[in-house]
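Q: Handing you this structure, nothing more for now.
Residue numbers (UniProt numbering): 1 to 499.
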């Protein structure tokens, strides 16, 4: 273990500056005693080397935590789209500890692709090459991931998996290029929606790719849409996900998929919004025109309410047709359908979105009588259908406090302590005047619990509490040495580190 530390041993013996540096680093770690530090630096240089090795090995705790994660592939989201298209395979995978995830679209034969970028903050892989518009079928896969720009490694990971598995190689200059081409786009799913910085990595993306199946697409909070949200523009963000729809007319096939993480709200054909957290709680069926009217009448207040949701939104869409299209027409299809999405996502393509649209042709049919404009109109409706399936069936609900719950001092002291969610997020729970309070003690707030204000925890049961807020916040202490926030599909878990 210490074979590589000969120079370090010498430095520890002969260089006081270096010894002091090691001493300072060790001293900053709460789990090493001062006595152990002094002993290691004065008694035995080899032992000091061992301690230094331990320190350096533990400086990247986030990476170690990331490496230990286990992908959950093709998780049952409760709803899925079934479609008849053997040439398209879809795989999803997630890290539930985030939660965050990735969705992989893989085409059995190389396809043509065009793209349209509308948002003010897109994150993509290989987009400039696609924009050149070559009349060559080169696309193998499209990868959509959470994790913001950190998730972009998912796209190249799928490409290397194709090479490692023998599907593709390094021959880029033959008549039929065999280099794997994987496009990638990401959504932002950090920030106020979760309390950690876990991201979709190479391991997760390759697991999704290798688990891909034809004919099925999970709907709702699955894959890249695992922690997507919508409605931030109106200050009423709700959980979203990924949606899909399929239509066949004769031999023509159209499949639409979208990971909906929009700043705007998803609107149906009657102008209704599926869900929105307002001052009254979770409301459904609000009219989008009324929401815009309220925004205009309370402009400054709305701006403040939605500030925390800016720069954190993106809708990534994939449209696949089997009609053969030359590059210019495929690009126009992308533009036409992408433009139509502003009917269903309002507002759309804002400065705070990173919207990207991919149009793919598998070139399986060549209907000379099919109008490209008509194809765009039909495809636009299919995409609207897809967007309406992205929302999960259930949203977190507000839980009411129970004033009849009586807590003893022993009950409260058993819960009190400091809980850690990640390197930046901690929660201190303490007793004051016979009541339980909480305050965020890390560098970030814990949802509605800030770092500069104590929040009273109102009991629901002996081990369950709520904090009144616009968005539900429930704290569950029923598991020893843990606190689970909002138990369920998007729960966040904190570990007791000090009581």
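Where is the CB? At the ideal position from N, CA and C, for every residue including glycine.
(1) What number of angstroms, rounded off, separates the C-alpha of residue 453 from the C-alpha of residue 440?
(2) According to the neighbour-count rule (16 or more other Cβ atoms, all chains shown, within 10 Å of its Cβ), is residue 461 buried or exposed?
(3) Name the two residues that bound the continuous beta strand (DSSP E) containing residue 435.
(4) For residue 257, name the three-state secondary structure that DSSP assigns.
(5) Looking at C-alpha atoms only, which residue of 377, 167, 359, 383 is the closest neighbour of residue 268?
(6) To the nearest angstrom, how far is the alpha carbon of residue 80 from that of residue 393?
(7) Contact check, residue 162 vs residue 180 under 8 angstroms by CB: the rounded distance?
(8) Report the CB separation of residue 103 from residue 320 in whole angstroms; it is logged as a contact under 8 angstroms.
(9) Run through DSSP, which three-state label would residue 338 get?
(10) Quick check: the Cα distance between residue 231 and residue 347, rounded to an integer number of angstroms?
(11) Examine chain C for any beta-carbon lying closer than 8 angstroms to the beta-carbon of residue 248, and answer yes or no.
(12) From the DSSP output, read off the bridge partner residues of residue 450.
(13) Counting C-beta neighbours from all protein chains within 10 Å, is the total for residue 165 16 or more, i.e. buried, or is it exposed?
(14) Can you tell which of 236, 124, 255, 342 has its C-alpha closest to the C-alpha of residue 243?
(15) Just list the alpha helix (DSSP H) runs in the stretch 131–199, keeping only unbroken ones of 4 residues or longer that don't cross its boundaries, in chain order.
(16) Which residues in the same chain as residue 324 place their Cβ atom closer than 6 angstroms to its Cβ, once the five residues preceding and following it in sequence are excluded?
(17) Does residue 497 pass the burial test, meaning 16 or more other C-beta atoms within 10 Å, or should it be called exposed?
(18) Relative to the C-alpha of residue 85, which candidate in 155, 216, 143, 176 has its C-alpha closest?
(19) Where does residue 427 sit, in a helix, a strand or coil, going by DSSP?
(20) Residue 229 to residue 241, Cα distance in whole Å?
(21) Under the assumption that residue 113 contacts residue 139 (Cβ atoms under 8 angstroms), give the Cβ distance between them as a whole number of angstroms.
(22) Let me make sure I understand the geometry here. Which of 360, 350, 315 has the alpha-carbon closest to that of residue 331?
(23) From the DSSP output, read off the bridge partner residues of residue 246.
(24) Just to confirm the assignment, what range does the beta strand (DSSP E) spanning residue 475 have?
(25) Are the Cβ atoms of residue 144 and residue 288 separated by less than 8 angstroms?
(26) At what residue ranges does the stretch 59–93 contain a whole run of the beta strand (DSSP E), taking only runs of 3 or more?
(27) So residue 390 and residue 225 are in contact, right, with Cβ under 8 angstroms, and what is the actual spacing, rounded?
(28) In whole angstroms, what is the alpha-carbon distance linking residue 65 and residue 353?
(29) If we ignore side chains and look at the alpha-carbon of each, how far apart do residue 30 and residue 468 end up?
(30) Going by the CB atoms, is the gap between residue 141 and residue 190 shorter than 8 angstroms?
(31) Using only alpha-carbon positions, find the residue among 293, 238, 266, 250 that is nearest to residue 278.
(32) Rounded to a whole number of angstroms, what is the C-alpha to C-alpha distance between residue 273 and residue 351?
(33) Please state whether the Cβ-Cβ distance between residue 90 and residue 221 is less than 8 angstroms.
(34) Assuming residue 445 is part of the beta strand (DSSP E), what are its boundary residues?
(35) Please go through the same chain and pick out, in chain order, the residues whose beta-carbon is closer than 6 angstroms to the beta-carbon of residue 73, but skip the five residues on each side of it.
(36) In terms of DSSP beta bridges, what is residue 462 paired with?
A: Walking through what the data contain:
(1) Taking C-alpha positions only, residue 453 is separated from residue 440 by approximately 8 angstroms.
(2) With fewer than 16 Cβ atoms within 10 Å of its Cβ, residue 461 is classed as exposed.
(3) 435–440
(4) strand
(5) Measuring from the Cα of residue 268, the nearest candidate turns out to be 383.
(6) The straight-line gap from Cα to Cα measures roughly 12 angstroms.
(7) 4 angstroms
(8) At roughly 14 angstroms, the Cβ-Cβ gap does not stay under 8 angstroms, so residue 103 and residue 320 are not in contact.
(9) helix
(10) 9 angstroms
(11) Checking the listed chains, one finds no chain C in this structure; it contains a single protein chain.
(12) DSSP, once it has assigned bridges, lists no residue as partnering residue 450.
(13) exposed
(14) 255
(15) Taking only runs of at least 4 residues, the alpha helix (DSSP H) segments lying wholly in the stretch 131–199 are 153–164.
(16) For residue 324, where only same-chain residues beyond five positions count, the Cβ hits under 6 angstroms are 363, 366.
(17) With fewer than 16 Cβ atoms within 10 Å of its Cβ, residue 497 is classed as exposed.
(18) 216
(19) strand
(20) 7 angstroms
(21) 4 angstroms
(22) 360
(23) 255
(24) 474–476
(25) no
(26) 80–82
(27) For residue 390 against residue 225, the beta-carbon gap comes to about 7 angstroms, under 8 angstroms, which counts as contact.
(28) 30 angstroms
(29) Low confidence applies to residue 30: its pLDDT is 38, below 50, so where it sits in the model is not reliable, and the reading given next is rough at best. When the Cα atoms are used, residue 30 and residue 468 turn out to be separated by approximately 35 angstroms.
(30) Cβ atoms of residue 190 and residue 141: not closer than 8 angstroms.
(31) 238
(32) 22 angstroms
(33) no
(34) Where residue 445 is concerned, there is no enclosing beta strand (DSSP E), given that its DSSP letter is neither H nor E.
(35) 93, 207, 211
(36) Looking at the DSSP assignment, residue 462 forms no beta bridge with any residue, so it has no partner.
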